[in-house]
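Taken in sequence, the protein lines are chains A and B. Just so you know, we're using this note's numbering here: the first sequence kicks off at 1 and counts up by one. Just so you know, we're using this note's numbering here: the second sequence kicks off at 1 and counts up by one. Glycine included, each C-beta is placed from N, C-alpha and C at the ideal position. Okay, so here's the structure we're looking at.
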Amino acid sequence: MTELWRGDAEGKVLYVQTHGISDPGRCATPFFLAAAAAAMEVEVAIYFTMYGPQLLRKDVVDKIGPKGDRGQPLSYFIDQATSLDVRLLVCQPSLELNDLELADLIDGVEMIGGAAFNEMAMQADAVVSF
Amino acid sequence: MSPDSSTVLDCTGMQCPLPVVKTAQAMKRLEPGEILELLATDPGVEPDMKAWSSRTGNELVEVRKDGDVFHVLLRRT
Numbered sequence: 001m002t003e004l005w006r007g008d009a010e011g012k013v014l015y016v017q018t019h020g021i022s023d024p025g026r027c028a029t030p031f032f033l034a035a036a037a038a039a040m041e042v043e044v045a046i047y048f049t050m051y052g053p054q055l056l057r058k059d060v061v062d063k064i065g066p067k068g069d070r071g072q073p074l075s076y077f078i079d080q081a082t083s084l085d086v087r088l089l090v091c092q093p094s095l096e097l098n099d100l101e102l103a104d105l106i107d108g109v110e111m112i113g114g115a116a117f118n119e120m121a122m123q124a125d126a127v128v129s130f
Numbered sequence: 001m002s003p004d005s006s007t008v009l010d011c012t013g014m015q016c017p018l019p020v021v022k023t024a025q026a027m028k029r030l031e032p033g034e035i036l037e038l039l040a041t042d043p044g045v046e047p048d049m050k051a052w053s054s055r056t057g058n059e060l061v062e063v064r065k066d067g068d069v070f071h072v073l074l075r076r077t
C-alpha cells in the first residue's frame with residue numbers, strides 16, 4: 001500500500017498540476033518549485049489531475065519542454081525533481097479522462113485516490129495548485 | 001574575505017532552482033562548522049538563500065555582490 005506522507009521531514013508541500021501538453025509553458029514550473037522545496041529538506045509530492053497526467057507519458061516527456069525546441073525538455077525537469085525524492089502521484093479517474101494507463105507513464109509514478117489526496121492535502125503545510 | 005577553508009560552488013549562469021538544489025547537495029557533503037561559498041548570478045539568490053538557510057537550520061553568514069556575481073557564505077550546522 002502506498003504511504004501518504006513519510007513524515008521524516010519538518011514540512012510537507014503538495015503541488016497540484018492540472019495542465020497538460022496543450023500548454024507547454026505551464027508544464028515545468030511545478031517541477032522547479034518542487035525541486036526547490038525538496039532542497040529545503042521538505043517532503044514534496046506533485047499530484048497530477050485533470051490534464052496533468054499527460055505530462056508523465058513516456059512518449060511525451062522528451063518531446064515537449066516549457067520553451068518548445070529551445071531549452072531543456074520536460075524530462076530534464078522531472079528528473080531534477082525526482083532525484084531529490086519528489087513523488088509523482090496520479091489517480092485513476094484522471095488517467096481515464098486522458099485514456100491512459102499507469103503503464104503508459106514514466107517509472108515511479110504512484111497511484112492514489114481521492115480520499116488519499118484529500119488526506120494528504122489536510123496533512124500538508126501548503127498545497128499549491130496550478 | 002572568504003575563509004581559506006571554504007569550499008566554492010560556482011552556480012554562475014544557472015537559474016532557479018539549480019543554485020538552491022546544488023547548494024543543498026554541496027552542504028550535505030560538508031562537516032558541521034565548514035563554510036560553503038556559493039557564487040551565483042541568479043538575481044533571486046539572496047531571498048532564496050535566506051529562506052533555504054532559515055528552513056534547513058544552516059547559517060547564512062554573508063551575502064556580498066561583486067559586479068553581477070553574488071557571493072553567499074553558508075556555514076553547515
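- Within its own chain, the residues whose Cβ lies closer than 7 Å to the Cβ of aspartate 104 of chain A, once the five positions on either side in sequence are excluded, are Arg57 and Lys58, listed in chain order.
- Look at the beta carbons and you see the stretch 8-18 of chain B not touching the stretch 118-130 of chain A: under three pairs across the two are nearer than 8 Å.
- Within chain A, the C-beta atoms nearer than 8 Å to that of arginine 55 of chain B come from Glu10, Gly11, Met40, Glu41 and Val42, in chain order.
- The beta carbons of alanine 38 of chain A and aspartate 85 of chain A sit about 6 Å from each other, so the pair counts as a contact at 8 Å.
- Annotation: Cβ neighbours of valine 20 of chain B in chain A (cutoff 7 Å, chain order): Ala36 and Ala39.
- When C-beta distances to chain A are compared with 7 Å, the residues of the stretch 9-41 of chain B below that value are Cys16, Pro17, Val20, Val21 and Ala24, in chain order.
- Of the candidates A:Arg70, A:Gly114, A:Tyr47 and A:Ser83, A:Tyr47 places its Cα closest to the Cα of phenylalanine 130 of chain A.
- Burial is judged here by how many other beta carbons sit within 10 angstroms of a residue's own beta carbon; alanine 28 of chain A has at least 16 and is buried.
- With a beta-carbon spacing of about 26 Å, methionine 50 of chain A and serine 83 of chain A fall beyond the 8 Å limit used to define contacts.
- For alanine 36 of chain A, the three-state secondary structure derived from DSSP is helix.
- By the beta-carbon neighbour count (other beta carbons within 10 angstroms, threshold 16), glycine 20 of chain A is buried.
- In the three-state DSSP reduction, tyrosine 15 of chain A falls in the strand class (E or B).
- Apart from the 5 residues on each side of it in sequence, alanine 40 of chain B sits with its Cβ closer than 8 Å to the Cβ of Cys11, Thr12, Met14, Pro19, Val69, Phe70 and Val72 in its chain, given in chain order.
- For leucine 84 of chain A, the closest Cβ of chain B is nearer than 8 Å.
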